[in-house]
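Protein chains: 4
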Amino acid sequence: MNSFGQSFRINIFGESHGASVGIGIDGCPAGLSISPEDFVVDIERRKGGMQKGTTPRKEDDIPIFKSGVFNGKTTGAPITILFENNNTRSGDYEKQRAVPRPGHADFVAGQKFGGYEDYRGGGHFSGRLTVCLVAAGVIAKKLLALQSIVVNATITEIGGETDTEKGLQKAIDAKDSVGGIVECRANGLPIGLGEPFFDSAESLLAHAVMAIPAVRGVEFGTGFAAAKMFGVEHNDAIEDKTGKTRTNHAGGIVGGISNGNELVFRIAIKPTSSTPKEQQTLNLESGEVESFSVKGRHDLCIALRVPVVLEAVTAFVLADLMIREQRIPRILQ
Amino acid sequence: MNSFGQSFRINIFGESHGASVGIGIDGCPAGLSISPEDFVVDIERRKGGMQKGTTPRKEDDIPIFKSGVFNGKTTGAPITILFENNNTRSGDYEKQRAVPRPGHADFVAGQKFGGYEDYRGGGHFSGRLTVCLVAAGVIAKKLLALQSIVVNATITEIGGETDTEKGLQKAIDAKDSVGGIVECRANGLPIGLGEPFFDSAESLLAHAVMAIPAVRGVEFGTGFAAAKMFGVEHNDAIEDKTGKTRTNHAGGIVGGISNGNELVFRIAIKPTSSTPKEQQTLNLESGEVESFSVKGRHDLCIALRVPVVLEAVTAFVLADLMIREQRIPRILQ
Amino acid sequence: MNSFGQSFRINIFGESHGASVGIGIDGCPAGLSISPEDFVVDIERRKGGMQKGTTPRKEDDIPIFKSGVFNGKTTGAPITILFENNNTRSGDYEKQRAVPRPGHADFVAGQKFGGYEDYRGGGHFSGRLTVCLVAAGVIAKKLLALQSIVVNATITEIGGETDTEKGLQKAIDAKDSVGGIVECRANGLPIGLGEPFFDSAESLLAHAVMAIPAVRGVEFGTGFAAAKMFGVEHNDAIEDKTGKTRTNHAGGIVGGISNGNELVFRIAIKPTSSTPKEQQTLNLESGEVESFSVKGRHDLCIALRVPVVLEAVTAFVLADLMIREQRIPRILQ
Amino acid sequence: MNSFGQSFRINIFGESHGASVGIGIDGCPAGLSISPEDFVVDIERRKGGMQKGTTPRKEDDIPIFKSGVFNGKTTGAPITILFENNNTRSGDYEKQRAVPRPGHADFVAGQKFGGYEDYRGGGHFSGRLTVCLVAAGVIAKKLLALQSIVVNATITEIGGETDTEKGLQKAIDAKDSVGGIVECRANGLPIGLGEPFFDSAESLLAHAVMAIPAVRGVEFGTGFAAAKMFGVEHNDAIEDKTGKTRTNHAGGIVGGISNGNELVFRIAIKPTSSTPKEQQTLNLESGEVESFSVKGRHDLCIALRVPVVLEAVTAFVLADLMIREQRIPRILQ
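Residue numbers (my numbering), protein chains in the order written: chain A, 1 to 333; chain B, 334 to 666; chain C, 667 to 999; chain D, 1000 to 1332.
And the structure:
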């Protein structure tokens, strides 16, 4: 289903070339100040057109509040935020339909929904929906900030290069798209977030981040490197009664529960499926494999847009856990 | 919470040194044949004492059916399976309590539950509970088998070595514990499992596998390697109308939905936290960091026990999706 | 929370005097024809201004589809329907705020949400939101109709009179509001809807109908009269292999599960809380109990508007159960 | 499904003549004292054999704690309580199978579960499972008591008589079973329990109580009588800032939210389906309607056993809402 969260809950809707995309946010504590300006920076961070490697498609992306905010504050009732789709060109999608793009959901969506899906621009599977996550993330980050919790995500690697400009240049030179790694850190977390057995902090975070389009993996703390380590090397020695550990190989989560140290995890982003390079795929009408190349605006490296989305879903999961754990009150002062 | 699944739902309970551990399974279709013999192989696979690197602790681990099975078949009512704890030694846990073991949940559990937790042998956080997952997995695999779906997990790496005996020997030589990588594959899946947006197949699988103790990361298809790839390299060309792709970098999931190819993903397992080596941790009573070493039976490499557990949770998630998608009927013939 | 349903799920949002009210519908099978005309009759049925006893407030109440419908058919992605609020007069709500109206949520909402709630016209607690339920009900009834299931609700009693015009006249004469009884019947149901233990058909229906504003009770079959009956009188003798019973005191549900006979249940609707009569309530500012009377447009008998709302939530619950039971496919032909 | 609750969650399992019946309780705050003695009174209240009109079947009904309690206190991990079935006579159920008992789930269970259900003594549909609810209710009532909330249910009517002995005598004289009304009251509730839209206090309570076997209706405050009342008569005037109202026709809930006054609601219980009187039903083998009469121990009036069960589910729902509303802490002192 298109909803997530227990005490704090989001549901996402919309299609790339439909009337709008949007998000409902239920369970938000009452009394949080919300203004349109709160959303500007994060929505800009997600937008294309501003840095090497992202698409020039410009969209206004102004959040329209349809419910749940009154006199500039959350009311405790469900918040609904819409983003209208103004800048779409649907003309030639009908034609493209017979040729499912590799790496995109075109083929599986057609099969799953019996051909009834809105196939224009990826429809409900479009990365366009992440603007809704960003909006929910702004609210979640404001809630966490009241408890002095800060979430921050950055790109640590593009195309295998920690010098991200270099990784990007490789893709530009190759006239291809490229993948990357995004790391997220959260500071100020209390001990005790996450619940045994299935609502471990890693489980909830992994669930949410794997829903972000193009994510292919997630690792906490030393992650996959832990598989090569010895126990005495990996274990983090506890140093004081606040739970501070000498090292942080665990990435701030032990036994599925936050241990009071910095939360650290990373996700792998695949290269943008739409690449300027010629590719092959099946033509469903002719039944033949044929060559084709994607035209129009596209990101060289989708990872560039991901940090703000990753911050958003991380903040959302943490805020939900903070409410469950009764560490964020239902009415804010 | 300790439950997971939508149409097919498990809830897990119990403590390492309590009366029992167990699992409830709700929503299982009626008419599935169940016999105690079905569980023998998988429970043996999980057990220690049989191969280099696992603990000699022997437990009977006989599943006791408390509900939901009648005349050798599932009834459609909730199934409850208990495993009694017979082989426990609780004597000296009280003393150890002041010294939370690094890498274990001891410290966070004490903080989260205010000191009321059953701290003996890790209590509810013990790996002992995975025997319950294995039991649920047996049932899930039987359901999938009726649809010709097969799930298989194997160790691909220990201590960085693909020759696992070599990796294990390194740990034995170092008198330490060591981590590993486990890979899971599922064949025979239809197109269409997984749902946008938050119930993507990766999201549900990642949620479930990150709940397995000691898992530090999960990656689908090429996973973290995708972050270094170009788009034309990573995209899997569709070759025929069944959705078969030339390569399978996606690991069988595109847009969060199974695409009819083999499901492939891997998880990283940290080294067993209990290592024979001397470690340091805080003594909560004295407030001093002190040296200690774990005594008694322990696995050198917990990864050795994980494949059957990974199969179990994977099969469970897939069976839930199959029921949701109406591909497994509510009454079996 | 503001969501309901398992495999078919709605979430409702909006305030009486906010920008809009709306509903999200998730899990709707793909391929259902949807046109604005489908909604006209039911939305008119709910509207005031057309019969003795309902308010003259006229609203356009045109459903605006924001997602999930493409080329006139549902896509399988979440459907979002908005109703703009055009006909509102908020001017004097600030003043009224100190004087919570008896029978309304004014006082409890203020306490629950710390004064942050949108208090204008009842805000999120307004009966206005039932237009969203009606819209979801239209879709649910279309789904059920494909399986030859028909849901029908009618007023059976107003002010204690089965001649409803007579009951209404009593209220008009008394210059007061009045309550009523609404009965709902569904025909064509298969045997087997509802699940033990907590998802009994009565539990799910009661949950949903008690969420309709002004409902004070629900009874199935002979309901409260059953409490006065003998067993041999109440039991319905089964007459043939289709499960047809001679009588239908059970109202079509036995053991929480539909038995293939007509579903019959009734709800009690309290008199409209806003009555033209003078009432007493606390003035929160002065701390004194004072007299006041409600001005402006109001229904004499809210029960008159309820049948179409009751049909809607009933159809929704039944459709959810039909999908769970795999009796409505995920893709319609 | 067989689970209920959000932050505090129960799942129920077992069959009348299976190995056991039991209940899992998840989300219970840590640190609540639990002793076997806590359960004695309520389990006795539910038991038959002690008053005119209930069955002489005696069962030990001793709660066996399988998880979640340590050193006499809840740990925060899931609690599992079993009741073994010792006193069962399954011998002749196979024969009875062809003749579904009117008023019982026999016929629908057979249809829903394809004949795989445990049909002995009603199987999973048996009233036997309510002993599990009673056990969960003991825990919920202890949690509420810490907040000075008291829940109390009593029989107010049997066979239409408020003098219950008289109603019972009618059934004894008629050699038949008879129905009744049970009323539940809760005192000490804060303002604010219940959530718009679908988690209204009435919705959650109605959901839970309609799951109790034999319940045919529920009404809050004046309930069905409200349908006959005028508005000025029904509205409860607020008298002071604590929300105290002059009358309590609303039964303590307005707008779906507790208003700080006494919670009052009633449920209708049908006559026991098993009556000593001769009845008619279909013989599934012969295809003929035939006469039969129930032999063995049975309650004349099942309503006599219901008060303690009603208290239990009411207390459970209220405790869940109290935890959600952060009014019961996750760790008790």
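Beta carbons: idealized from backbone N, C-alpha and C, even for Gly.
Please read these numbers as outputs of a predicted model, since none were measured by experiment.
Counting along the chain, no alpha helix (DSSP H) covers Cys1300/D, and no H or E run does either. When DSSP assignments are scanned along the region 1157 to 1185 of chain D, the uninterrupted stretches of alpha helix (DSSP H) that are 4 or more residues long and fall wholly within it turn out to be 1163 to 1173.
At least 9 Å separates the CB of Glu262/A from every CB of chain B. DSSP places Arg120/A within a helical segment (H, G or I) once states are collapsed to three. Bounds of the alpha helix (DSSP H) holding Gly803/C are 796 to 811. The Cβ of Glu991/C sits no closer than 9 Å to any Cβ of chain A. DSSP places Asp26/A inside the beta strand (DSSP E), whose first and last residues are 20 to 26. Setting aside the 5 residues that flank it on each side, Ser1272/D is surrounded in the same chain by Gly1102, His1103, each with a C-beta closer than 6 Å to its C-beta; the list follows chain order. Counting only runs that start and end inside the region 857 to 921 of chain C, the alpha helix (DSSP H) elements of at least 4 residues fall at 867 to 876, 897 to 900. Contact note: Ser669/C does not reach chain B at a C-beta cutoff of 7 Å; the least C-beta distance is about 13 Å. Rounded to whole angstroms, the gap between the alpha carbons of Ala145/A and Val151/A is 9 Å. For Gln672/C, at least one C-beta of chain B is nearer than 9 Å to its own C-beta.
For the pair of segments examined, the region 817 to 836 of chain C was found to touch the region 974 to 994 of chain C: the number of CB pairs separated by less than 8 Å reaches three. Each of Leu665/B, Phe625/B, Ile656/B, Val639/B was checked against the Cα of Ala431/B, and the nearest Cα belongs to Phe625/B. Shown in chain order are the members of the region 1092 to 1105 of chain D whose Cβ falls below 9 Å from a Cβ of chain C: Pro1099, Arg1100, Pro1101, Gly1102, His1103, Ala1104, Asp1105. Inter-segment contact for the region 795 to 810 of chain C and the region 76 to 85 of chain A is absent: fewer than three beta-carbon pairs are separated by less than 8 Å. Interface with chain A (9 Å Cβ-Cβ cutoff): Arg794/C is excluded. Cβ-Cβ distances below 8 Å link Ala1018/D to Glu1083, Asn1084 in the same chain, with the five nearest sequence neighbours on each side left out; the list follows chain order. With respect to Val650/B, Ala583/B sits apart: the two C-beta atoms are not nearer than 9 Å.
Residue contact check for Ser258/A against chain B: a CB pair falls below 9 Å.
Between Ser400/B and Ala534/B, the alpha-carbon positions lie close to 30 Å from each other. Residues of chain A with a Cβ closer than 8 Å to the Cβ of Arg1329/D are, in chain order, Glu325, Gln326.
Contact annotation: the region 486 to 506 of chain B does not touch the region 564 to 578 of chain B, with fewer than three C-beta pairs closer than 8 Å.
DSSP links Glu84/A through a beta bridge to Ser20/A.
For Asn1234/D, the C-beta contacts it makes with chain C under 7 Å involve Pro768, Gly769, Ser939, Gln945, in order along the chain. Per DSSP, the unbroken alpha helix (DSSP H) holding Gly776/C starts and ends at 772 to 778.
The three-state reading of DSSP puts Leu1317/D in helix, counting H, G and I together.
For Lys73/A, DSSP records a beta bridge to Ser33/A, Phe70/A. Distance between Val308/A and Phe230/A, taken at the CA atoms: about 35 Å.
In the DSSP assignment, Ile43/A falls outside any beta strand (DSSP E) and within the unbroken alpha helix (DSSP H) covering 40 to 46. Under the 10 Å beta carbon count, Ile12/A is surrounded by 16 or more other beta carbons and is classified as buried. DSSP, reduced to helix, strand and coil, places Gln1095/D within a helical segment of the structure shown.
Counted as a single uninterrupted DSSP element, the stretch harbouring Leu950/C is not any beta strand (DSSP E), since DSSP gives it neither H nor E. Secondary structure at Phe337/B: strand, using DSSP grouped into helix, strand and coil.
In chain B, no part has a C-beta under 7 Å from the C-beta of Phe1197/D; the shortest such distance is about 18 Å. The DSSP-derived three-state label of Arg990/C is helix.
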